[in-house]
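-2 is the number of the first residue of the sequence shown in the numbering used here; add one for each residue after it.
For every residue, glycine included, the Cβ atom is placed at its ideal position computed from N, Cα and C.
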Amino acid sequence: MPTFSNPVQDATETRQAVRALAHASRAFADPEDTYQVVGELLGTLRSLEQVLEQVAAAHVLHQDKAFLDNGDHEAGVDEAWAAANALRRAAELVQSAETAVDQASQHSSYIAWHPAPVANRPELDPFSRDPFEALPVSSRRGLSL
């Protein structure tokens, strides 16, 4: 359960929830469910963008406590700023992903899924090709499921 007050515990639980979704989304019994999943992913990306910005801000806010293991405070501050900048860049990239998922949600909202497939359309036969063929990103990145 989310704590809403312990970022480490909530981040750990988020990782596990996303991992579970990676497993569960390998197959949809009802394609109509994809619309809700896309909507939830959109909300997740919006929250992730906010989290990245907040973690970046924490690096800057607490820079007075930043030291390297050798005690070098100036270098610690430099690393805090570098981490904050990288996190802000990640937030910008997530915002781009959010825009794409929002577009996908809009397109998905127009689909009226029918229980029976259209006859005589071999390209739509789910057994005529590898189901992961359309998802080269997953196979290239070697996701751990």
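For chain D, check one thing: does any of its Cβ atoms lie closer than 8 angstroms to the Cβ of residue i?
i	result
Pro112	Of the protein chains in the structure, only one exists, and it is not chain D.
For the ligand SAH, I want to know if residue i counts as a neighbour, meaning its beta carbon is within less than 7 angstroms of at least one of the ligand's heavy atoms.
i	result
Arg16	Looking for the ligand SAH in the displayed structure turns up nothing, as the structure carries no ligands at all.
Compute the Euclidean distance between the alpha carbons of residue i and residue j, then round it to the nearest angstrom.
i	j	result
Asp27	Thr41	22 angstroms
Arg85	His104	29 angstroms
Val15	Glu37	11 angstroms
Thr31	Glu50	29 angstroms
Lys62	Ser2	22 angstroms
Please classify residue i as buried or exposed, where buried requires at least 16 other C-beta atoms within 10 Å of its C-beta.
i	result
Ala152	This structure cannot settle anything about residue 152, because the visible part of the chain is limited to -2 through 142.
Glu46	buried
When the distance is taken between beta carbons, is residue j closer than 8 angstroms to residue i?
i	j	result
His56	Ala81	yes
Gln60	Ala87	no
Val98	Val35	yes
Ser102	Leu58	no
Put residue i into one of helix, strand or coil per three-state DSSP.
i	result
His70	helix
Leu39	helix
Pro4	helix
Asp27	coil
Leu45	helix
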